[in-house]
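In my numbering, the protein residues as written are 11 to 422.
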């Protein structure tokens with residue numbers, strides 16, 4: 011297998027940097043949508059799971075003093091900083107959690123790793139392949155010192171997706187034929203929606219491709235256990251100018267816009283096909299212009315012996331078809347992924363009591379803490395994030411060249 015996919019069954023590696031006995035001090039840069047979600051994860055994980063280290067919410071960082079103070083009070087952080095360099099320098103911070111726009115990921119991550127900290131970085135890992143490569147080099151050097159650098163692909167932490175990965179790895183689908191992945195949202199359908207940072211290439215790197223496509227590219231590779239080797243793509247920006255944002259951005263779409271307008275410099279939608287290393291075919295659609303679709307992530311994997319399908323809007327369920335059964339009784343069956351022996355479910359509620367979106371960040375925090383405490387290899391690693399970045403870059407290149415098939419560089 012060309013890349014790490016599971017957290018289980020890894021032999022311990024080098025010991026992590028020293029931290030206060032029994033705790034892992036977390037410092038987080040960013041406090042908006044992802045900052046709130048990550049805060050929920052860090053705040054909750056130690057109350058649900060039996061962890062070898064207790065996450066301590068040491069400090070949160072943002073440029074606006076009033077806003078970051080309010081976020082610290084709301085989410086339970088012990089202190090607030092307005093300079094990420096000061097946060098990294100704090101003795102009570104052993105892990106830096108990066109929840110900022112992509113244009114600052116590389117600088118903060120490399121500085122944190124060079125300062126001896128562990129790092130969790132939101133996806134996509136960076137805005138460019140070159141930035142991601144620099145982050146991987148820093149992560150590899152830090153790993154030799156016992157530090158861990160992890161990228162935040164939180165949808166791997168949905169119990170149904172983790173269970174689907176287990177079934178595929180066990181060979182229940184046989185040789186794979188197709189992977190289909192779509193991620194549809196509608197928060198940009200209105201042309202009056204303002205020009206937030208997510209619509210500017212210098213801040214976001216790309217549009218729906220990086221924001222949503224990064225997730226489904228990672229999931230396709232995670233579930234299949236294979237890498238994409240080439241893609242053919244189209245993309246489009248349907249609304250090329252939007253009102254400038256008045257005030258701070260909030261959530262996804264931000265607040266009201268002004269009468270002045272600015273250029274949208276990223277894609278609104280991207281559609282592409284690809285081929286996995288085994289020869290299996292893959293198709294992807296990422297858009298923020300699908301009216302009526304709020305957060306519609308859907309996956310289907312077809313193999314010689316069966317198929318699996320997942321819908322984030324029904325995230326406690328997995329659809330499974332066993333093609334080896336007699337045709338008279340065969341068909342898709344619903345698996346309710348809430349049993350104690352399903353991934354992550356051993357510490358939650360009785361069977362049938364479902365989980366939600368926020369639990370993916372609790373599971374992420376659990377896995378990060380255990381990885382650091384055990385000295386296990388980082389999963390998903392910065393190298394995994396770099397692989398996704400290479401796919402995204404190939405998609406953009408293909409779309410710019412009239413959908414020509416574009417190879418994805420192999421990991422060195």
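Virtual Cβ for every residue (Gly too), placed ideally from N, Cα, C.
Check                                                                                                                            : Outcome
Between the CA atoms of residue 183 and residue 177 - distance to the nearest angstrom                                           : 8 Å
Alpha carbon of residue 112 to alpha carbon of residue 44, nearest angstrom                                                      : 12 Å
DSSP bridge partner residues for residue 356 (one or two, in chain order)                                                        : None, per the DSSP bridge assignment.
Three-state secondary structure (DSSP) of residue 125                                                                            : coil
Meets three-Cβ-pair contact criterion under 8 Å: the segment 239–254 and the segment 312–319                                     : no
Contact under 8 Å by Cβ, residue 157 with residue 127                                                                            : yes
Residue 361 burial status per 10 Å Cβ neighbour count (16 or more: buried)                                                       : exposed
Collapsed DSSP secondary structure at residue 350 in the structure displayed                                                     : coil
Classification of residue 390 by the beta-carbon crowding that lies within 10 angstroms, buried from 16 upward                   : buried
Cut-off 6 Å between Cβ atoms - residues of its own chain near residue 403, not counting five sequence neighbours on either side  : 139
Among 61, 60, 63, 71, nearest to residue 49 - alpha-carbon criterion                                                             : 71
Simplified DSSP state of residue 363, which is helix, strand or coil                                                             : coil
Backbone CA spacing between residue 386 and residue 348 [nearest angstrom]                                                       : 27 Å
DSSP state of residue 170 mapped onto helix, strand, coil                                                                        : helix
Whole-angstrom distance between residue 66 and residue 54, CA atom to CA atom                                                    : 11 Å
Three-state class that DSSP yields for residue 216 in the structure shown                                                        : coil
Exposure of residue 21, with buried meaning 16 or more beta-carbon neighbours within 10 Å                                        : Since pLDDT at residue 21 reaches only 35, below the 50 mark, its modelled position is unreliable, and the value read off the structure follows with that caveat. Exposed is the call here.
Between the CA atoms of residue 229 and residue 420 - distance to the nearest angstrom                                           : 18 Å
Residues near residue 143 by beta carbon distance below 7 Å, same chain, minus five either side                                  : 396
Contact set for residue 388: own chain, Cβ-Cβ below 7 Å, skip 5 residues either direction                                        : 158, 159, 160, 381
Nearest candidate by alpha-carbon position, reference residue 400, set 135, 108, 367                                             : 135
Residue 233 versus residue 166 - alpha carbon distance                                                                           : 9 Å
Cβ-based neighbour list, residue 190, same chain, cut-off 6 Å, excluding 5 preceding and 5 following                             : 293, 310
Whole-angstrom distance between residue 377 and residue 368, CA atom to CA atom                                                  : 15 Å
C-alpha gap between residue 106 and residue 82, whole angstroms                                                                  : 16 Å
Every unbroken alpha helix (DSSP H) inside the segment 88–151 [4 residues or more]                                               : 94–99, 115–124
As assigned by DSSP and simplified to three states, the class of residue 318                                                     : strand
Best match in 283, 116, 181 for proximity to residue 149 [C-alpha to C-alpha]                                                    : 116
Check whether residue 393 and residue 146 have beta carbons under 8 Å apart                                                      : yes
Coil, strand or helix - residue 333 by DSSP                                                                                      : coil
For residue 281: DSSP bridge partner residues                                                                                    : 244, 295
Chain-order list of residues whose beta-carbon lies under 7 Å from that of residue 25 (same chain, five-residue window excluded) : Model confidence at residue 25 stands at a pLDDT of 44, short of 50, so the residue's coordinates are unreliable; what they give is reported in the following sentence. 156, 385.
Residue 406 - partner residues in DSSP beta bridges                                                                              : DSSP, once it has assigned bridges, lists no residue as partnering residue 406.
Cross-strand partners of residue 206 (DSSP beta bridge)                                                                          : Looking at the DSSP assignment, residue 206 forms no beta bridge with any residue, so it has no partner.
Meets three-Cβ-pair contact criterion under 8 Å: the segment 274–291 and the segment 202–221                                     : yes
Assigned secondary structure, residue 339 (DSSP; H/G/I helix, E/B strand, else coil)                                             : coil
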